[in-house]
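A.B. asks: I'd like to ask some things about the structure below.
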Amino acid sequence: MTEEKTQKTGEKQEKQAKAEKGKMEKSKKAAPKKAKSKRRSVVAGNAYVHAGFNNTIITLTDTVGETIAWSSAGSCGFKGARKSTPYAAQVAAETATGKAKIFGLEKVNVYVRGIGPGREQAIRGLHIAGLSLETITDLTPIPHNGCRQKKSRRV
């Protein structure tokens, strides 16, 4: 009786070993290789500055609209109320420009949207980081008496 038990446990162990070996063989298979994207050279592009009340987001694209680099005050390490400061917007602009310089970006058309505190400083940050600003366009949406505004804060 004990011999039968040991024989059964031996068979179980062999089955488990085969199953594990099968798993190992399956996991050793390499994933299909993806074609590496070539680093393209972009000389001119667009810079989109979204200046909200809580954060400033800068996106740098090529002339077609494909994103090259982006940054925001929050992604640069600012949290809470510090995200909405002009200094945070400048740091975000310089960070995005640093990423885009790798692709060879030199000239940009700037499109600003929003009335947050970081809008002017973000433009200065782009210029300080070494980009040549061709044009600056304000795309802030202005209603022609559309929706009712929020009630004003009483502080």
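Numbering (the numbering used here), first residue to last: 867 to 1021. For every residue, glycine included, the Cβ atom is placed at its ideal position computed from N, Cα and C.
Do Ala935 and Ala988 come within 7 Å of each other at the CB atom, strictly closer than that value?
C.D. replies: No, these two residues do not count as a Cβ contact at 7 Å.
A.B. asks: Just to confirm, are Gly918 and Gly980 a CB contact at a threshold of 7 Å?
C.D. replies: Yes.
A.B. asks: From Val978, Phe969, Lys973, Ile923, pick the residue whose C-alpha is nearest to that of Thr951; which is it?
C.D. replies: For the residues Val978, Phe969, Lys973, Ile923, the minimum Cα distance to Thr951 belongs to Ile923.
A.B. asks: Does the distance from the CB of Asp1004 to the CB of Val974 come in under 7 Å?
C.D. replies: Not in contact: Asp1004 and Val974 (Cβ atoms no closer than 7 Å).
A.B. asks: Can you check DSSP and say which residues form a bridge with Tyr977?
C.D. replies: Beta-bridge pairing links Tyr977 to Tyr914, Thr1003.
A.B. asks: Only counting the same chain, and skipping five residues up and downstream in sequence, which positions put a Cβ closer than 7 Å to that of Val908?
C.D. replies: If we look at Val908 and ignore the five residues flanking it on each side, its Cβ neighbours are Asp928, Ile934, Phe969, Gly970, Leu971.
A.B. asks: Between Cys942, Glu986, Gly946, which lies nearest to His916 when the distance is taken from Cα to Cα?
C.D. replies: The shortest C-alpha separation from His916 is found at Glu986.
A.B. asks: With 16 other CB atoms within 10 Å as the buried threshold, where does Asn920 fall?
C.D. replies: Burial call: exposed.
A.B. asks: DSSP three-state label for Ala935, please.
C.D. replies: If DSSP states are grouped into helix, strand and coil, Ala935 belongs with the strands.
A.B. asks: Measure the beta-carbon distance from Glu960 to Ile994 and round it to whole angstroms, keeping in mind my assumption that it falls under 8 Å.
C.D. replies: About 7 Å separates the two Cβ atoms, so the contact holds.
A.B. asks: Which one of Val930, Tyr914, Glu932, Ala910 has the shortest CA to CA distance from Ser938?
C.D. replies: If we check each option's Cα against that of Ser938, Tyr914 comes out closest.
A.B. asks: From what residue to what residue does the alpha helix (DSSP H) around Leu992 run?
C.D. replies: Per DSSP, Leu992 belongs to the alpha helix (DSSP H) from 985-994.
A.B. asks: Note down, in chain order, each residue of its chain lying with its Cβ closer than 8 Å to the Cβ of Ser998, except the 5 sequence neighbours on either side.
C.D. replies: These residues qualify, in order along the chain: Glu972, Lys973, Val974.
A.B. asks: Rounded to whole angstroms, what's the CA-CA distance from Phe944 to Pro983? Just pull it up for me.
C.D. replies: Roughly 15 Å between the two C-alpha positions.
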